[in-house]
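J.: Next up is a structure, given as structure tokens.
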Amino acid sequence: MTSTASPESPESAETHAPRSVVGALGIGVSDLARSADFYTRVLGMRRLMALKLPYMDEIVVGFEGRSGSAIALMHWTDGSERDYANLPVKIVCYVPDPAALAGRIRAEGLEIVREPAPVPELGDAVVGFAKDPDGYLIEILQGRT
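Residue numbers are given in this note's numbering: position 80 of the sequence shown equals residue 91, and the series is strictly consecutive.
See below:
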């Protein structure tokens, strides 16, 4: 029996290839220590690894026990000019208590763009938005516990 699925079709990809995932998303940060502190202490991620390269220092963070993507916090050390502020990037976090996370972010003196609240168009999912130390948008969603 031969398959009629082409090599590019989803059916073929699901049955014959290992599952692909995004392992990490890298974001440039102006202050590596401050960003690592924010993502670990405030958001509750843990430090997975650190790299020191000739041109960049990097700290990779992710949530404990989660198989989801990690965030690579990247700071260039090669003297090149980088614009780290308010880039059009959104990081989505599912958390048990969005209001508590918004409170921790506010306590750091960072901006809460939208207080966590039910969104009727999303089935009353609780959604909020905040900014990290470099102005990246953090979407805060209530996740299953």
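Built from N, CA and C at the ideal position, the CB exists for glycine as well.
Have a look at ASN97 and VAL103 and give me their C-alpha separation to the nearest angstrom.
T.: As a working mapping, residue 97 is identified with position 86 in the sequence shown. As a working mapping, residue 103 is identified with position 92 in the sequence shown. ASN97 and VAL103: Cα-Cα distance of roughly 16 Å.
J.: Among GLU75, ARG93 and GLY39, which has the Cα closest to the Cα of THR51?
T.: As a working note, residue 51 is residue 40 in the sequence shown. Looking at the Cα atoms, GLU75 is the closest of the given residues.
J.: Given THR88, which residues of its chain have a CB within under 7 Å of its CB, disregarding the five upstream and five downstream residues?
T.: Position 77 of the sequence shown, counted from the start, is the residue given in the question as residue 88. Cβ within range, chain order: TYR66, MET67 and ASP68.
J.: If you compare alpha carbons, which of GLY37, GLU150, GLN153 and SER41 is closest to GLY90?
T.: The residue given as residue 90 occupies position 79 in the sequence shown. Checking every option, the nearest Cα to that of GLY90 belongs to SER41.
J.: Let me make sure I understand the geometry here. Which of GLY73, PRO129 and ALA128 has the alpha-carbon closest to that of LEU54?
T.: The count along the sequence shown starts at 1 and reaches residue 54 at position 43. Out of GLY73, PRO129 and ALA128, GLY73 has the C-alpha closest to the C-alpha of LEU54.
J.: For ALA24 and ARG30, what's the separation of their Cα atoms in angstroms?
T.: Here residue 24 refers to the residue found at position 13 of the sequence shown. Here residue 30 refers to the residue found at position 19 of the sequence shown. Only weak support is given to the placement of ALA24: the predicted model assigns it a pLDDT of 49, under 50, and the value that follows is read from those uncertain coordinates. Their Cα atoms are separated by approximately 8 Å.
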